[in-house]
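Quick note: the sequence shown uses the UniProt record's numbering, first residue 1, plus one each step. For every residue, glycine included, the Cβ atom is placed at its ideal position computed from N, Cα and C. Treat the numbers as computed from the prediction; the structure is a model and nothing was measured. Data first, discussion second: the structure below is written as structure tokens.
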Amino acid sequence: MRLAVTGRDGQVAASLVESARGEVEVVAVGRPSLDLARPDTVFSALEAARPDIIVSAAAYTAVDQAEDEKDLAFTVNAAGAGKVAETAARMGVPVIHLSTDYVFDGAKDSAYVETDITAPLSVYGASKLAGEQAVAAANPHHLILRTAWVYSPFGKNFVRTMLRLAAARDEISVVADQWGNPTSALDIADAILHAAAVLSRDKGNAFGVYHLAASGETNWSGFARHILDTSRALGGPHARIRDIATADYPTKARRPANSRLSSAKFMAAFGWVAPDWRESAAVVVGRIVADHPVPGR
Ligand SMILES: NC(=O)C1=CN([C@@H]2O[C@H](COP(=O)(O)OP(=O)(O)OC[C@H]3O[C@@H](n4cnc5c(N)ncnc54)[C@H](OP(=O)(O)O)[C@@H]3O)[C@@H](O)[C@H]2O)C=CC1
Ligand SMILES: Cc1cn([C@H]2C[C@H](O)[C@@H](COP(=O)(O)OP(=O)(O)O[C@H]3O[C@@H](C)C(=O)[C@@H](O)[C@H]3O)O2)c(=O)[nH]c1=O
Ligand SMILES: [Mg+2]
């Protein structure tokens, strides 16, 4: 079975390429041949990869910048994603599309399930919701996987940011009133491989929207503290974390106060067990610290 994943250096794309095993081959298709900002490039680039399943992981993910680049965010995340799904439909293959917890407004006081009402607070969240709708309209054979707070050894993410800041300072102020499920892109890749195996066996029953995140919950401050405690134990950088409120960390985009996701539906459908976020985070911190040793402090 061959998966084509959109994006080259993205966290999920790079993790899928690394995780490919057994009968599964993963081909990354990205810029310049596939440019979601130019949706007319999508069909020919993906057709050339001859996939059995298309994984739609490329996206405009700069949450604050999207507030100033609304048109580009919507072109990439909505029109571009729709083109990827339409390409899959034309080729007669399913599409596995990644979406986000930021489609919710955060007003719920427990974990979100798939049937909860969406109400994005940000341009990024709205563009991803429009992408879900475009994907569903273009190809009935879709899995839309909403994940959250993604980090990995690759690319730009909160783990790398905290380790970089900790190498330069004694204290980092981090918001303690936004709750969610930090999720390793390595775990997302594993879950996608589970789902792809099910789709290739028993076509037809599983299509729809799913939440896919690690188990356990924290806030950004708790996540930061765990990252730096793990790093210190491995001889990597450390800093004190100071809890602050969202109001004390002004950003262009509004973010949900609670975007915890229940992954129960995904686990039941695909026989996947969500790992605890703390264990998965320790694996990634370990890889980053081993790759880029910084003197401990
Ligand atoms: N990061 C997160 O915290 C979360 C991400 N998600 C969703 O999961 C998916 C994967 O995210 P993640 O791996 O973290 O993304 P990254 O931010 O790590 O990478 C973005 C990817 O999108 C590609 N991309 C951006 N613009 C274009 C474009 N115009 N044409 C083609 N490719 C483009 C990048 O290309 P290149 O390789 O050329 O740089 C890169 O591969 C996305 O759909 C995202 O919305 C959901 C929840 C949380
Ligand atoms: C760097 C930093 C961030 N923060 C806050 C800002 C924000 O509320 C929170 C996380 O910051 P980030 O910029 O990493 O978060 P953000 O870019 O909002 O991350 C989101 O990305 C998109 C793509 C998603 O889909 C979401 O699931 C989520 O992962 O931490 C601090 O409080 N202190 C800091 O030093
Ligand atoms: Mg950021």
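Between the segment 150–157 and the segment 5–12, do three or more beta carbon pairs fall short of 8 Å? yes
Span separating the alpha-carbon of Thr-161 from that of Gly-80: 28 Å
Cutting at 8 Å between CB atoms, please list the residues of its own chain near residue 330, excluding the five before and the five after it. This structure cannot speak to residue 330, because the chain is shown only from 1 to 297.
State buried or exposed for Pro-240, treating a residue as buried only when at least 16 other CB atoms are found within 10 Å of its CB. Looking at the sequence provided, one finds Arg at residue 240 rather than Pro. The residue in question, Arg-240, is exposed, as its Cβ has fewer than 16 Cβ neighbours within 10 Å.
Measure from the alpha carbon of Asp-52 to the alpha carbon of each residue in Gly-82, Ala-4, Val-29, then state which is nearest. Ala-4
Does the beta-carbon of Gln-11, which I'm using as the reference point, lie nearer than 7 Å to any heavy atom of ligand 1? yes
Enumerate, from N- to C-terminal direction, the unbroken alpha helix (DSSP H) stretches of 4 or more residues contained entirely within the segment 240–273. 264–270
Assign Ala-247 to one of two classes, buried (16 or more other C-beta atoms within 10 Å of its C-beta) or exposed (fewer than that). exposed
So, for Leu-199: in the same chain, excluding its five sequence neighbours on each side, which residues have a beta-carbon less than 7 Å away from its beta-carbon? Ile-53, Pro-94, Ala-206
For Gly-296, the three-state DSSP class (helix, strand or coil): Here the model assigns Gly-296 a pLDDT of 44, short of 50, so the residue's position is not dependable and the matter cannot be decided.
Given a threshold of 16 other Cβ atoms within 10 Å of its Cβ, counted over all protein chains shown, does Val-76 qualify as buried or as exposed? buried
Does DSSP put Trp-149 in a helix, a strand or coil? coil
Where DSSP assigns a beta bridge to Glu-25, which residues make up the other side? Arg-2
Identify every residue that forms a DSSP beta bridge with Gly-208. Leu-143
With H, G and I counted as helix, E and B as strand and the rest as coil, what does DSSP make of Leu-121? coil
At 3 residues or longer, and completely inside the segment 209–240: list those beta strand (DSSP E) runs for me, N to C. none
Other residues of its chain near Asp-243: CB distance less than 6 Å, five sequence neighbours each side excluded: Ala-176, Ser-221
Extent of the continuous beta strand (DSSP E) to which Glu-171 belongs: 171–175
Option nearest Asp-202 by Cα separation, candidates Ser-173, Trp-179, Ala-269: Ala-269
Contact check, Asn-181 vs Arg-260, beta carbons under 8 Å: yes
Residue range of the unbroken alpha helix (DSSP H) whose run includes Leu-46: 42–47
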